[in-house]
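Chemist: Dropping the structure in here first, questions after.
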Amino acid sequence: MKTFAFFNMKGGVGKTTAAVNLAYLAAQEGYRTLLWDLDAQGAATFHFPVTPTVQLKAKNFHKEKERLDRLIKTTDYTNLDLIPSNFKIRHLDVALGNLKKGTKLLSQFIKKLVPRYDYAFFDCPASLSLLAQSVFRASDILIIPMIPTILSVQTYEQMQRYLARHYQQKPQLIGFFSMVDQRKTLHREIIAQQQAKEQVFCQATIPNRSEIEKMGQHRAPLPAFNPNSQATKEFRMLWTEIKRRSDDLTLT
Ligand SMILES: Nc1ncnc2c1ncn2[C@@H]1O[C@H](COP(=O)(O)OP(=O)(O)OP(=O)(O)O)[C@@H](O)[C@H]1O
Ligand SMILES: [Mg+2]
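The numbering of the sequence shown is UniProt numbering, which starts it at 1 and goes up by one.
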């Protein structure tokens with residue numbers, strides 16, 4: 001099983017949108033896929049009409065491992081399961097801090113999932129918190145969506161320095177440009193510069209398109225309700241590239 005965490009310290013960059021769409025595309029290709037919504041906002045969960053039987057609790061998080069089976073919900077889509085979020089997990093950070101070896105817990109959860117899935121996708125909140133540190137330990141690859149602006153590049157460089165200092169082997173990084181406006185010279189320049197400088201950035205990019213925003217209205221992944229749209233094609237190209245790149249990486 002490979003674990004991908006959709007992460008960026010910056011908010012509103014397209015983490016959830018990519019996690020939902022790429023998890024759907026992986027499942028559609030026949031991979032057994034789990035999407036775990038780790039953000040108390042529950043934006044990824046919102047895209048799937050599921051009713052949780054039990055809710056993941058931040059308090060006593062270490063005990064949740066025992067009832068992991070009951071936390072996992074099947075979705076309307078073949079091969080795609082979901083661990084839904086709920087508002088209470090906003091305390092997960094504090095809970096992890098209070099537990100002995102709290103940041104190792106998520107990795108232990110993940111070990112239990114290995115026989116069941118080919119891919120696990122974490123949708124993460126936008127902060128470099130204890131939860132993020134748990135995610136870094138538990139993930140093979142961080143998928144970093146980035147809007148091509150100067151400040152985003154600066155944030156990316158901060159994250160990169162932090163990760164290089166604290167997490168040498170794992171997780172590895174794959175970045176992609178999100179909400180791209182090709183009419184903007186600055187967007188085009190930043191993409192060209194970063195792709196030339198940093199090997200981790202995908203050639204596939206996701207433009208800013210209004211059809212993507214309709215996911216909230218449909219409460220579904222984009223390829224599920226608009227399979228032939230241009231944006232769906234772009235997400236398919238991104239998934240193909242991420243899959244290829246992740247297959248080429250040596251994961252420890
Ligand atoms: N390529 C795109 N084109 C147009 N709108 C987009 C695109 N990607 C995402 N959006 C919209 O931008 C908003 C933020 O996207 P999303 O929720 O995926 O970001 P996020 O990084 O997960 O945010 P947060 O940090 O709050 O979790 C949403 O309303 C979404 O529909
Ligand atoms: Mg999000």
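Glycine residues also receive a C-beta, built at the ideal position from the N, C-alpha and C atoms.
1. Note the first and the last residue of the continuous beta strand (DSSP E) segment covering Asp123.
2. Just to be sure I understand the criterion: a residue counts if its Cβ is closer than 5 Å to at least one heavy atom of ligand 2. Which residues meet that?
3. To the nearest whole angstrom, what separates the beta carbons of Leu80 and Ala27, a pair I think is in contact under 8 Å?
4. Under the three-state reduction of DSSP, which class applies to Phe136: helix, strand or coil?
5. Let me make sure I understand the geometry here. Which of Lys243, Lys2, Asp248, Glu189 has the alpha-carbon closest to that of Tyr119?
6. Ser134 to Gln158, Cα distance in whole Å?
7. By DSSP, does Met1 sit in helix, in strand, or in coil?
8. Leaving out five residues before and five after Phe122 in sequence, what residues of the same chain have Cβ atoms less than 6 Å from its Cβ?
9. Spatial neighbours of Ile191 within its chain, please: CB distance less than 6 Å, with the 5 preceding and 5 following residues excluded, ordered by chain position.
10. Suppose contacts are defined by Cβ-Cβ distances below 8 Å. Is Ile212 in contact with Thr33 by that definition?
11. Beta-carbon separation of Ile144 and Phe7 under 8 Å?
12. Could you check if Gly175 belongs to the surroundings of ligand 1, using beta carbon to heavy atom distance under 7 Å?
13. For Gln172, write down the residues that DSSP places opposite it in a beta bridge.
14. Run the proximity test for Asp39: is its beta-carbon closer than 7 Å to any non-hydrogen atom belonging to ligand 1?
15. Is Ser178 near ligand 1, judged by its Cβ being under 7 Å from some heavy atom?
Modeler: Once the coordinates are examined:
1. The residue given as residue 123 occupies position 123 in the sequence shown. Counting along the chain, the beta strand (DSSP E) containing Asp123 begins and ends at 119–123.
2. Lys15, Thr16, Ala43
3. Counting from 1 along the sequence shown, the entry for residue 80 is found at position 80. Counting from 1 along the sequence shown, the entry for residue 27 is found at position 27. Rounded, the Cβ-Cβ distance is 4 Å, consistent with contact.
4. Counting from one through the sequence shown, the residue named residue 136 turns up at place 136. Helix at Phe136.
5. As a working note, residue 119 is residue 119 in the sequence shown. Measuring from the Cα of Tyr119, the nearest candidate turns out to be Lys2.
6. Here residue 134 refers to the residue found at position 134 of the sequence shown. Here residue 158 refers to the residue found at position 158 of the sequence shown. Cα-Cα distance, rounded: 19 Å.
7. Indexing the sequence shown from 1 puts residue 1 at position 1. DSSP places Met1 in coil when its eight states are reduced to three.
8. Here the question's residue 122 lines up with position 122 in the sequence shown. So the qualifying residues of the chain are Ala5, Trp36, Leu38, Val135.
9. The count along the sequence shown starts at 1 and reaches residue 191 at position 191. If we look at Ile191 and ignore the five residues flanking it on each side, its Cβ neighbours are Pro148, Phe177.
10. Here residue 212 refers to the residue found at position 212 of the sequence shown. Here residue 33 refers to the residue found at position 33 of the sequence shown. Cβ atoms of Ile212 and Thr33: not closer than 8 Å.
11. Translated into the one-based positions of the sequence shown, residue 144 becomes position 144. Translated into the one-based positions of the sequence shown, residue 7 becomes position 7. Yes. Within cutoff.
12. On the sequence shown, residue 175 is found 175 positions in, with the first residue counted as 1. False, no ligand heavy atom lies under 7 Å from that Cβ.
13. The residue you call residue 172 lines up with position 172 of the sequence shown. Bridge partners of Gln172: Ile141.
14. Working through the sequence shown from its first residue, we reach residue 39 at position 39. Yes, the beta carbon of Asp39 sits closer than 7 Å to at least one heavy atom of ligand 1.
15. The residue labelled residue 178 in the question sits at position 178 within the sequence shown. Flag set: Cβ of Ser178 near ligand 1.
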